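Each position in the sequence shown, counted from 1, maps to that position plus 122 in my numbering. The beta-carbon is built from N, C-alpha and C at its ideal position, and this holds for glycine as well. Just so it is clear, the structure is predicted and the values come from calculations on it, not from any experiment. Read the structure below first, then the notes.
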Amino acid sequence: MIRNLSIRVRLALAMGFLGVLLVIGGFIGVIGVAISNDDVKTLYSERLASSEALGQANVALSRTRLWLYRIALDPDSPDVAQESATARELLAASKKAWDTYRGLRLSGPEEARRAADANTKFNALVEHGLEPMFTAIAARDPANIPNVWRHIPPSLFIDASDSMDALGRIQMSASRVTFDAAQARFHWFVGFAIAGIAVALGAAAFTWWSLQNAIGVPLARALGHFSAIAEGDLTTRIDVESSDEMGQLMSGLQTMQSKLLQTIRIVREGSRSIETSAHEITAGNLDLSQRTEEQAASLEETAASMEQLTSTVRQNADNAKQANQVVHNAAMLTEEGNQATQEVVGTMRGLSDASGKIAEITSVIEGIAFQTNILSLNAAVEAARAGEQGRGFAVVAGEVRSLAQRSATASREIKELINDSLRRVETGARQVDRATDRMSEILASVQRVQVLMGEIAAASDEQSKGIEQVNQAVTQMDQVTQQNAALVQQASSSALSLKAQAEQLAATVSVFRIGSAQGDA
Numbered sequence: 123m124i125r126n127l128s129i130r131v132r133l134a135l136a137m138g139f140l141g142v143l144l145v146i147g148g149f150i151g152v153i154g155v156a157i158s159n160d161d162v163k164t165l166y167s168e169r170l171a172s173s174e175a176l177g178q179a180n181v182a183l184s185r186t187r188l189w190l191y192r193i194a195l196d197p198d199s200p201d202v203a204q205e206s207a208t209a210r211e212l213l214a215a216s217k218k219a220w221d222t223y224r225g226l227r228l229s230g231p232e233e234a235r236r237a238a239d240a241n242t243k244f245n246a247l248v249e250h251g252l253e254p255m256f257t258a259i260a261a262r263d264p265a266n267i268p269n270v271w272r273h274i275p276p277s278l279f280i281d282a283s284d285s286m287d288a289l290g291r292i293q294m295s296a297s298r299v300t301f302d303a304a305q306a307r308f309h310w311f312v313g314f315a316i317a318g319i320a321v322a323l324g325a326a327a328f329t330w331w332s333l334q335n336a337i338g339v340p341l342a343r344a345l346g347h348f349s350a351i352a353e354g355d356l357t358t359r360i361d362v363e364s365s366d367e368m369g370q371l372m373s374g375l376q377t378m379q380s381k382l383l384q385t386i387r388i389v390r391e392g393s394r395s396i397e398t399s400a401h402e403i404t405a406g407n408l409d410l411s412q413r414t415e416e417q418a419a420s421l422e423e424t425a426a427s428m429e430q431l432t433s434t435v436r437q438n439a440d441n442a443k444q445a446n447q448v449v450h451n452a453a454m455l456t457e458e459g460n461q462a463t464q465e466v467v468g469t470m471r472g473l474s475d476a477s478g479k480i481a482e483i484t485s486v487i488e489g490i491a492f493q494t495n496i497l498s499l500n501a502a503v504e505a506a507r508a509g510e511q512g513r514g515f516a517v518v519a520g521e522v523r524s525l526a527q528r529s530a531t532a533s534r535e536i537k538e539l540i541n542d543s544l545r546r547v548e549t550g551a552r553q554v555d556r557a558t559d560r561m562s563e564i565l566a567s568v569q570r571v572q573v574l575m576g577e578i579a580a581a582s583d584e585q586s587k588g589i590e591q592v593n594q595a596v597t598q599m600d601q602v603t604q605q606n607a608a609l610v611q612q613a614s615s616s617a618l619s620l621k622a623q624a625e626q627l628a629a630t631v632s633v634f635r636i637g638s639a640q641g642d643a
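Put into structure tokens, the structure is as follows:
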């Protein structure tokens, strides 16, 4: 279930849990500080103040007793009045401190009971011990002062002092209880803080482990897959184990690998088809070149025959005596010329058919180049989606697209050359047809010359003109044949270039390994 949570939700839950722990820890810390502050306040405002008041009351009472004792020892001293005033001030200070103690908060019933007892004993000491001494001193009877002092029971002083000491011990005990409670709470808060720290550390460790499994491990696997694809290995299996952001990344990487694998297969098949077609075009061009050479040789023979026929006709016009022999020779030559022109017609038709086949093959090559260009564009789009990791593949896709464009350009050039060759072949065919007609006319003229020797001069003139035209036609056919030979050479070069580019394209995509079942290179 945790794997199906998004990384954002996991971070929010982890930060929320740590925040709750922080708030709870802070709240408990504030409570602990407040309780400690109350304990310190109690120690200071109650226990310490009570102990201080008791100490002041007891000390002032003891000093009062000392001053009165000095007066009792030397009642005739001139400082008796001053000493009596000092003792009276000390007694007043002791009463004030005692009243201050009684006004403070007591620790409990036991202290209240002892405080009441101490108050009774304090008042008894003042009333039955100290006030009679102050009265005797005020009466200015030195002889009576020692007697009054001796009749004060020592137990009054002892009881009052002991009761105050007991109250002091009670204050110390109460302070100790408060301190022990504060110490116990301190240890409890320390334990709770340690437990909170342990829980926080556990939560942090769990958060780190969860984020490591959610981000670190999948990211390392994704980087491994990217490296494999960059090295051309498309055989590694990409597993999608979660539906969070990293799962979506792995799913996208899986889709990219599948599309890239399909593209590489198509490019390989296309390059093989281009290579096969280029090989067939090369073989066809070689055959066409041989036929063109044969046609050129036939045209040379026809031109030579026409030159001989022209010379014969001229000689026929000059020498009528040899007319029969010349006519006989002209008939034979005309028959041979007619056969030659028929052969030329057949050759031109074969050349036209071969050019048509080459045009069909170049159309197939152009279609393959167009499909390769589309595939390279799709591959470039997929590489752009892959971002920085797909830059190497984008370079390969651009090279494939460049090769496809050059293949298309070469195919179009071949097509234009073949179309031009077809037009020239058609022109040559028409000229051959005209030459055939002229040869038929020559043959008819020769036959008429054999029948009508009287018309030799006129027939010779017409034959001379017809032969001149045929000679021009043969010359044009020879030029067309030479041009066709040049076009065949260009087509052969283009086919070889196309084959080389197809081999280069196959070598470019051969760096990708797509598995032995898919034709791994």
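- Out of Ala628, Gly147, Ala342, Val517, the CA that lies nearest to the CA of Gly318 is found in Gly147.
- Nearest neighbour of Glu538 by Cα position, chosen from Ile267, Gln447, Leu213, Ser477, turns out to be Ser477.
- Per DSSP, Ser349 is one residue of the alpha helix (DSSP H) stretching across 339 to 352.
- The C-beta of Gly550 has 16 or more other C-beta atoms within 10 Å across all chains shown, which makes the residue buried.
- Secondary structure of Asp355 (DSSP, three-state): strand.
- Here the alpha carbon of Phe244 sits roughly 5 Å from the alpha carbon of Ala282.
- Asn407 and Asp583 have their C-alpha atoms spaced approximately 44 Å apart.
- Cβ contact annotation for Tyr223 (same chain, cutoff 6 Å, sequence separation greater than five): Ser172, Ala175, Leu176, in chain order.
- With contacts defined by Cβ atoms closer than 7 Å, Ser395 and Ile490 form a contacting pair.
- Its chain contains Gly392, Ala526 as the residues whose beta carbon lies nearer than 6 Å to that of Thr494, once the 5 sequence neighbours on both sides are disregarded; these appear in chain order.
- The DSSP-derived three-state label of Ala265 is coil.
- Contact between Leu247 and Leu228 is ruled out by a C-beta separation of about 21 Å, above the 8 Å threshold.
- For Glu363, no alpha helix (DSSP H) encloses it, and the DSSP letter there is neither H nor E.
- Annotated as proximal: Ala595 and Gln553, with beta-carbon spacing under 7 Å.
- Non-local beta-carbon contacts of Val362 in its own chain, meaning distances under 7 Å to residues more than five positions away in sequence, involve Gly369, Met372, Ser373, Gln376 in chain order.
- Around the beta-carbon of Thr398, fewer than 16 other beta-carbon atoms lie within 10 Å, marking it exposed.
- Asp302 and Gly230 have their C-alpha atoms some 17 Å from each other.
- A residue is called buried when at least 16 other Cβ atoms come within 10 angstroms of its Cβ; Trp330 does not meet this threshold and is exposed.
- Counting along the chain, Leu188 sits inside the alpha helix (DSSP H) bounded by residues 171 to 195.
- When C-alpha distances from Ala505 are compared across Ala260, Gln379, Ala557, the shortest belongs to Gln379.
- Minimum Cα-Cα distance from Leu383 among the listed residues Glu367, Ala400, Leu356 corresponds to Leu356.
- Going by beta carbons, Phe139 and Ala320 fall outside the 7 Å limit.
- Close CB contacts of Glu423 within its chain, under the 8 Å cut and outside five residues either way in sequence, are with Ala462 (chain order).
- Ranked by Cα distance from Ser216, the first of Ala532, Asn241, Pro200 is Asn241.
- Comparing C-alpha distances from Val202 to each of Gln569, Pro268, Arg235 shows the shortest one belongs to Pro268.
- Setting aside the 5 residues that flank it on each side, His347 is surrounded in the same chain by Thr358, Ile360, Leu375, each with a C-beta closer than 7 Å to its C-beta; the list follows chain order.
- Cβ neighbours of Ala400 within its own chain (closer than 7 Å, five residues either side excluded): Ala617, Leu620, Lys621, Ala624.
- Nearest in C-alpha terms to Asn266, of all of Pro275, Pro276, Pro254, is Pro254.
- Around the beta carbon of Ala613, 16 or more other beta carbons lie within 10 angstroms, which makes this residue buried.
- In this structure, DSSP gives Asp201 a state outside helix and strand, which the three-state scheme calls coil.
- Cβ atoms of Ala628 and Arg471 stay farther apart than 8 Å, at about 38 Å.
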